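Colleague:
4 protein chains.
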Amino acid sequence: MPVIDESARGFYVISATPFTDDGAMDWTSTDRLMDFYLDCGSDGITILGMMGEAQKLSQEESAAFVARVMKRVGSRVPVVVGVTSAGFRLMGDLARHSMDLGAAGVMVSGTSALRTDDQVYAYVESVVRELGPEIPVVVQDYPQVSNVCLSPALVNRLFADFPTLKVLKHEEAPGLRKISKLRAAESSGSRKRRISILVGNGGLHLMQELARGIDGAMTGFAFPEGLVEVIRRWFADDRDAAEDIYDAYLPVIRHENQIGLGLALRKETLCRRGVIACARARAPGPALDADDQAELTHLLDRLERAKARLGIALPPLLMAGG
Amino acid sequence: MPVIDESARGFYVISATPFTDDGAMDWTSTDRLMDFYLDCGSDGITILGMMGEAQKLSQEESAAFVARVMKRVGSRVPVVVGVTSAGFRLMGDLARHSMDLGAAGVMVSGTSALRTDDQVYAYVESVVRELGPEIPVVVQDYPQVSNVCLSPALVNRLFADFPTLKVLKHEEAPGLRKISKLRAAESSGSRKRRISILVGNGGLHLMQELARGIDGAMTGFAFPEGLVEVIRRWFADDRDAAEDIYDAYLPVIRHENQIGLGLALRKETLCRRGVIACARARAPGPALDADDQAELTHLLDRLERAKARLGIALPPLLMAGG
Amino acid sequence: MPVIDESARGFYVISATPFTDDGAMDWTSTDRLMDFYLDCGSDGITILGMMGEAQKLSQEESAAFVARVMKRVGSRVPVVVGVTSAGFRLMGDLARHSMDLGAAGVMVSGTSALRTDDQVYAYVESVVRELGPEIPVVVQDYPQVSNVCLSPALVNRLFADFPTLKVLKHEEAPGLRKISKLRAAESSGSRKRRISILVGNGGLHLMQELARGIDGAMTGFAFPEGLVEVIRRWFADDRDAAEDIYDAYLPVIRHENQIGLGLALRKETLCRRGVIACARARAPGPALDADDQAELTHLLDRLERAKARLGIALPPLLMAGG
Amino acid sequence: MPVIDESARGFYVISATPFTDDGAMDWTSTDRLMDFYLDCGSDGITILGMMGEAQKLSQEESAAFVARVMKRVGSRVPVVVGVTSAGFRLMGDLARHSMDLGAAGVMVSGTSALRTDDQVYAYVESVVRELGPEIPVVVQDYPQVSNVCLSPALVNRLFADFPTLKVLKHEEAPGLRKISKLRAAESSGSRKRRISILVGNGGLHLMQELARGIDGAMTGFAFPEGLVEVIRRWFADDRDAAEDIYDAYLPVIRHENQIGLGLALRKETLCRRGVIACARARAPGPALDADDQAELTHLLDRLERAKARLGIALPPLLMAGG
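Chains as they are written, first to last, in the working numbering: chain L, 917 to 1238; chain E, 917 to 1238; chain F, 917 to 1238; chain U, 917 to 1238.
(1) So is G1237 (chain L) buried or exposed if we call it buried at 16+ other beta carbons inside 10 Å?
(2) Counting only Cβ-Cβ distances shorter than 8 Å, please list the residues of the stretch 1176-1205 of chain F near chain U, keeping chain order.
(3) What residue ranges within the stretch 1070-1147 of chain U form continuous alpha helix (DSSP H) runs of no fewer than 4 residues, ordered along the chain?
(4) Please list the terminal residues of the continuous beta strand (DSSP E) segment that includes I1169 (chain E).
(5) Taking a contact to mean a Cβ-Cβ separation below 9 Å, would you say V995 (chain F) touches I963 (chain F) in this structure?
(6) Which same chain residues, not among the five before or five after F927 (chain E), have their C-beta less than 6 Å away from its C-beta?
(7) For the alpha helix (DSSP H) that contains S958 (chain F), what are its first and last residues?
(8) Have a look at the DSSP bridge pairing and note the partners of I920 (chain U).
(9) Tell me which same chain residues have a C-beta within less than 8 Å of the C-beta of M1235 (chain F), skipping the five on either side of it?
(10) So, does the stretch 1211-1225 of chain L touch the stretch 1041-1051 of chain E, judging by three or more C-beta pairs under 8 Å?
(11) V919 (chain E) to L954 (chain E), Cα distance in whole Å?
(12) Indicate whether at least one CB of chain L lies closer than 9 Å to the CB of P1090 (chain U).
(13) If you measure from the beta carbon of L1010 (chain U) to each beta carbon in chain L, is any gap under 9 Å?
(14) Quick check: is the beta carbon of R1027 (chain L) nearer than 9 Å to any beta carbon in chain U?
(15) Count the CB pairs spanning the stretch 975-984 of chain F and the stretch 993-1012 of chain F that are closer than 8 Å, and state whether there are at least three.
(16) Would you say F1151 (chain E) and R925 (chain E) are within 9 Å of each other, going by their C-beta atoms?
(17) Which residues, in chain order, does the stretch 1157-1175 of chain L contribute to contact with chain F at a C-beta distance below 8 Å?
(18) Exposed or buried, which one is D942 (chain U) when buried takes at least 16 other CB atoms within 10 Å?
(19) With distances taken between CB atoms, is the gap from R1073 (chain F) to D1033 (chain F) smaller than 9 Å?
(20) Closer than 8 Å between beta carbons: that is the criterion. Which residues of the stretch 948-976 of chain U meet it against chain E?
(21) Quick one: any contact between the stretch 1097-1108 of chain L and the stretch 1063-1083 of chain U, if contact means 3 or more CB pairs under 8 Å?
(22) How would you call S1042 (chain U), buried or exposed, if buried means at least 16 neighbouring beta carbons within 10 angstroms?
(23) Please state the DSSP three-state secondary structure of V1053 (chain L).
(24) Which residue marks the beginning of the beta strand (DSSP E) containing Y928 (chain U), and which one marks its end?
(25) Beta-carbon separation of A1002 (chain E) and Q975 (chain L) under 9 Å?
(26) So, is the C-beta of R1031 (chain E) closer than 9 Å to a C-beta in chain F?
(27) Compute the minimum distance between the beta carbon of T962 (chain E) and the heavy atoms of the ligand MN, and state whether it is under 8 Å.
(28) Note down, in chain order, each residue of its chain lying with its Cβ closer than 6 Å to the Cβ of C1065 (chain L), except the 5 sequence neighbours on either side.
(29) Output the residue ranges of the beta strand (DSSP E) runs that lie fully inside the stretch 959-1010 of chain F and measure 3 residues or longer, sorted by chain position.
(30) Determine the DSSP secondary structure at E1064 (chain L), reduced to helix, strand or coil.
(31) Enumerate in chain order the residues of its own chain whose CB-to-CB distance from F935 (chain L) is below 7 Å, with the five nearest sequence positions on each side excluded.
(32) Under a CB-based cut-off of 9 Å, is L1070 (chain U) close to chain L?
(33) Determine whether the Cβ of S1014 (chain F) lies closer than 9 Å to any Cβ atom of chain U.
(34) Using alpha carbons as the reference points, say which of F:R1093, F:V1115, F:R1110, F:G1227 lies closest to K1085 (chain F).
(35) So, helix, strand or coil for S1028 (chain F), using DSSP?
(36) Looking at C-alpha atoms only, which residue of E:V989, E:G965, E:T933 is the closest neighbour of M917 (chain E)?
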């Protein structure tokens, strides 16, 4: 099975976790969602992240979700499993279970009690020790939610000292300079290892981030095929077209980028596109009201018109509902 | 089995969760810890709170811990179970399991995303709906950790509207005026129901809080017999003696009141007193170094001298290790 | 002189404060900046806000800046003065000075110690008392920076109880539903008074906000003529064109929306457009490096192309540098 | 005139700023307050800190307060001036003014936007550059209010690199281990320079901090003579007596340690002791109600009894009102 390493590149989609109307795991939608992500051209799939409502699943449900996804996806693309937990024992159990089933790596975020560089370092050191020398790790860097800030110097120190760290999921905002500094540490040789940098925040600053040297995105945007196309064209040096396509999606990217509500918007969009059967998030979670629905409809209509106006061939929408 | 209601009074101890050296559940120490809490004269026992490292236990371990405690304690004193969870489904499952086994109620805290009064209200409303009309609830009010603030007006509104809320575990700090305002709302009749107010924060302002009308404390102080005695004397109108005893314990109360480290200090003290076999907290968790140990030893020695100097009969220390 | 009231509408620009290379007040640029804002068609000008670096000016400089601006702008459009201060005495002094010179009102934000609805209410009540019955007030609602959250219910309560509050500068994010709720309180009659709602956040969600009933924007976007046009067309029921124009500006709007760096980006853009002589912010403040400059150049080039592509007549750029 | 350096030791009192009933500067009380602090045996006086309500004073008032204090105190003890400001220009102006009048150094705190070690380092570097090579600096380390955390490694780095930094005002809590680590860096030679460490937090953990190697305290406790005595006896190796005296004051120390309200409690105590004429804090600020007053009376009565019980000669209370 593939494992992730510092060459990870392209578009990794952050997966939702589909539920039925009564809040149970929806396995049929799970299968369809994986097929959809693959059909969109995703280069990898990350499950059980924040967008996957991981913290509202029981350990049993999480383990079963990993198993179901691995069975459906197989070795076609790498699957990364979010394993952040308040306890390292629980984190380790899920990580080992996932790797046994063929996952390509795990993703870990900090906890809000961490403040200084040394506190973060000690935390990551303990995480790495718990996970052992075999499990590749994506470090999620999302201070808007985790309240943990990683300076470029600290990222360099962590990745230099702990070889199992492979990818930085960079979603500090603002965070453009951080990317430049991280790449400068490679070109100057002050950090020996290359690292993969995949950005989050729904891709809100993707074009600037690409220009500064990232390897791609890891985000739950509900039109993965759009960002797949943007990133492919960028790396094929078709940069103007990449930006034009990006700008067509920007109003929706920006709209999804609402902390809390974003999850509901993405699940609703996936539901409208025919991918998942039910847009429901588990309680306590956001839900759209009639105004939110009408607003989304308007934005999606404008997206269709903007795509039509582009005059650039895009892959057809994959679902009848699209 | 007893259930808690608005007459809850006295000293409710917040229980530690004992682990073995390799981090497994330590059932023998669990039994001994419950015996100790009962021997100390505790009026109630609260398990799986923050001090109980609840968030580092699997759902299975939590359920087993509740079962073990209920079997040992039986109906001798009310047992309250902390059930706060990122997901209401998980919270409800543990609550129903606990009540089925004879728990007296559950304790719930807010989550850090809640900011305005209306957001907190909506959250509590959903919690109450999930728990149903039969399960009595302790509302934990601990903004230093949860980042959720409950104004007196909001507490009044919540307890007026939701009859299953019975006890406020008050540990906002500073929070003395809040107690006066909550009691004033009862004497003026602006809130119809009485509520029980039990304070936390290790009892750091207990005498002032008693003077302002609380019903007692709910805290994990490692010398429960001390606060039991203070509270009994206070309500027996032997207030000078209550204060003198309190002041003897104050240096240790204050020392335990260090966020993060407090858990390690309490487990170490319980270990030294012969109650639990191992002071270890699960990772990631605090541990004492040699300086911390020496400092604790010095404070406990001074506590013994201060108690001796009091000239007021205190119940003998319950453990050989004491 | 005009004063603001609940009918405030359109585009109020948040003004920068121009400095010379050595950090002194730049009065020539100040005059030119005011002329520019007026030429852009701004419906009002707000000075000494966060973007105006108010907290880095001495009381003497602030007072002189107000005087200079009032002299230049006169009664052509309302001028609102940010007066937020750690002390009410200082706040009141600046407010009275400003009104004496012809300001149309003042803007006040909360301070980070405020948590509950009642704490915010008491704070605003004290502010209103200090300012007296004559001074119209814009309430700045910007929790991302102030850490103070105003629920719709609290906004209703404040504006119902304090008649000098006229405008809500709404920049909570996400905050779309809040607008709908505030307007619903008017149509249902649960709040008797209408209020003006002007949005901030650089206009990042402006079209959605307009659809939900706001009166306009109050923001420091460096292309005021763009948002002036968007808002005019919207209220002239030329909504498709409004959205198309908006979307052309969106990449720059989104790029400016970087907390901290945004100020430097806006000053640099104003400097490139020939409006102010020096882009420098006072220390400690952000400054652009070569990468940031190149990135901005690229975005502004694309903005020009997007505007050209629109095929909708836009007012010509006002400055040679544009 | 004396300047502070790394040998600063003993008890530095943090001064209140006295106001008249109508909120004006009270110069008579200012003089009396300085006399009181000197009579108490203070080894230094720090003015215009948070307890001095510096942020509610105009620049003119601050400058006048420094002048008045310097005239009264002269060269008898070092006077440190808090100069923290949102703008470095304002900070530098007050610092230079203070040094010209004979101040012994300035105190600077971080601002809440600083998160990573490198951000704090860059901030301090800029502060040091603004203040120049002649002005000795006390670094205030108070994350509970400033939201800025300094790890031991970062403190070492800062004090190693910037020779004008002389004293760490340490009030992180919990923060006992930090002291041990900072001292270990000296004994191991990993930091070449000694630094002075004076603790704040009202002295809440003073005895533990002394045992771990601090040089004294810098705090606004309303009974300076008590902490002066504790610290003198500690350094005279009369440690048991030092602890006994400390424990007598502990209930009041702990009571004052209420963020926000503490200022009102201290000013009221100073007022009751006859030192300042009016306990009023400038708006927005805390004020005591009848319950708070009665509570304070009770605690101060118990303090008198505890001191009487000590049987250790304490200097007589210095004021008729005491």
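Beta carbons are placed, not taken as given, at the ideal position from N, Cα and C, and that holds for glycine.
Treat the numbers as computed from the prediction; the structure is a model and nothing was measured.
Modeller: Well, looking at it:
(1) To locate residue 1237 (chain L), count along the first sequence from 1; it is residue 321. A caution first: G1237 (chain L) carries a pLDDT of 40, below 50, which makes its placement in the model too unreliable to give a value.
(2) G1176, R1198, A1199, P1200
(3) 1092-1103, 1122-1127
(4) To locate residue 1169 (chain E), count along the second sequence from 1; it is residue 253. No beta strand (DSSP E) contains I1169 (chain E), which is instead part of the alpha helix (DSSP H) from 1155-1172.
(5) Translated into the one-based positions of the third sequence, residue 995 (chain F) becomes position 79. Translated into the one-based positions of the third sequence, residue 963 (chain F) becomes position 47. Their beta carbons are under 9 Å apart, which means V995 (chain F) touches I963 (chain F) by this criterion.
(6) To locate residue 927 (chain E), count along the second sequence from 1; it is residue 11. So the list reads S958, D959, G1132, A1133, L1143, V1144, I1147, once near-sequence residues are dropped.
(7) Position 42 of the third sequence, counted from the first residue, corresponds to residue 958 (chain F). Unbroken run through S958 (chain F): none, as it is neither H nor E.
(8) As a working note, residue 920 (chain U) is residue 4 in the fourth sequence. Partner(s): none; I920 (chain U) has no beta bridge.
(9) Here residue 1235 (chain F) refers to the residue found at position 319 of the third sequence. With a pLDDT of only 46 at M1235 (chain F), under the threshold of 50, the placement of this residue in the model should not be trusted, and no figure is reported.
(10) no
(11) What you label residue 919 (chain E) is simply residue 3 of the second sequence in a count that begins at 1. What you label residue 954 (chain E) is simply residue 38 of the second sequence in a count that begins at 1. About 17 Å.
(12) On the fourth sequence, residue 1090 (chain U) is found 174 positions in, with the first residue counted as 1. Taking CB atoms only, P1090 (chain U) has no neighbour in chain L less than 9 Å away.
(13) Here residue 1010 (chain U) corresponds to residue number 94 of the fourth sequence, with the count starting at 1. Not one chain L Cβ lies under 9 Å of L1010 (chain U).
(14) As a first step, residue 1027 (chain L) is located in the first sequence; it is residue number 111 there, counting from the start. In the sequence as displayed, the identity of residue 1027 (chain L) is Thr instead of Arg. T1027 (chain L) does not count as touching chain U.
(15) Cβ pair count under 8 Å is three or more, so yes.
(16) For the purposes of this step, residue 1151 (chain E) is taken as residue 235 along the second sequence, with counting starting at 1. For the purposes of this step, residue 925 (chain E) is taken as residue 9 along the second sequence, with counting starting at 1. A contact, by the Cβ cut-off of 9 Å.
(17) E1159, D1163, L1166, P1167, R1170, H1171, Q1174, I1175
(18) For this step, residue 942 (chain U) is matched to residue 26 along the fourth sequence. Classification for D942 (chain U): buried.
(19) Locating residue 1073 (chain F) in the third sequence gives position 157, counting from the first residue. Locating residue 1033 (chain F) in the third sequence gives position 117, counting from the first residue. Going by C-beta atoms, R1073 (chain F) is nearer than 9 Å to D1033 (chain F).
(20) none
(21) no
(22) On the fourth sequence, position 126 is the one that residue 1042 (chain U) refers to. Looking at its Cβ environment, which holds fewer than 16 other Cβ atoms inside 10 Å, S1042 (chain U) is exposed.
(23) As a working mapping, residue 1053 (chain L) is identified with position 137 in the first sequence. V1053 (chain L) falls in the strand class under three-state DSSP.
(24) Mapped onto the fourth sequence, residue 928 (chain U) falls at position 12. Run containing Y928 (chain U): 926-930, per the beta strand (DSSP E) assignment.
(25) Numbered from its first residue, the second sequence carries residue 1002 (chain E) at position 86. Numbered from its first residue, the first sequence carries residue 975 (chain L) at position 59. No, the pair does not count as a contact, with Cβ atoms beyond the cut-off.
(26) In the second sequence, residue 1031 (chain E) corresponds to position 115, counting from 1. Yes, because at least one Cβ of chain F sits closer than 9 Å to the Cβ of R1031 (chain E).
(27) This structure does not include the ligand MN; it has no bound ligands of any sort.
(28) Within the first sequence, numbered from 1, the residue matching residue 1065 (chain L) stands at position 149. The beta carbon of C1065 (chain L) is closer than 6 Å to those of P1059 in its chain, skipping five residues each way along the sequence.
(29) Every beta strand (DSSP E) of 3 residues or more that sits fully in the stretch 959-1010 of chain F is shown, in chain order, as 960-963, 995-998.
(30) Locating residue 1064 (chain L) in the first sequence gives position 148, counting from the first residue. In the sequence on display, residue 1064 (chain L) carries Val and not Glu. Residue state, collapsed to three classes: coil.
(31) Position 19 of the first sequence, counted from the first residue, corresponds to residue 935 (chain L). Scanning its chain for C-beta atoms nearer than 7 Å, with the 5 sequence neighbours on each side dropped, one finds around F935 (chain L) the residues M941, D942, C1194, R1196, R1198, in chain order.
(32) Within the fourth sequence, residue 1070 (chain U) is the residue found at index 154, counting from 1. Yes, L1070 (chain U) counts as interfacial toward chain L.
(33) Position 98 of the third sequence, counted from the first residue, corresponds to residue 1014 (chain F). No, S1014 (chain F) does not count as interfacial toward chain U.
(34) Position 169 of the third sequence holds residue 1085 (chain F). It is F:V1115 whose Cα lies nearest to the Cα of K1085 (chain F).
(35) In the third sequence, residue 1028 (chain F) corresponds to position 112, counting from 1. In the structure shown, S1028 (chain F) sits in coil (DSSP, three-state: anything other than H, G, I, E or B).
(36) Residue 917 (chain E) sits at position 1 when you count from the first residue of the second sequence. Taking only the C-alpha atoms, the option nearest M917 (chain E) is E:V989.
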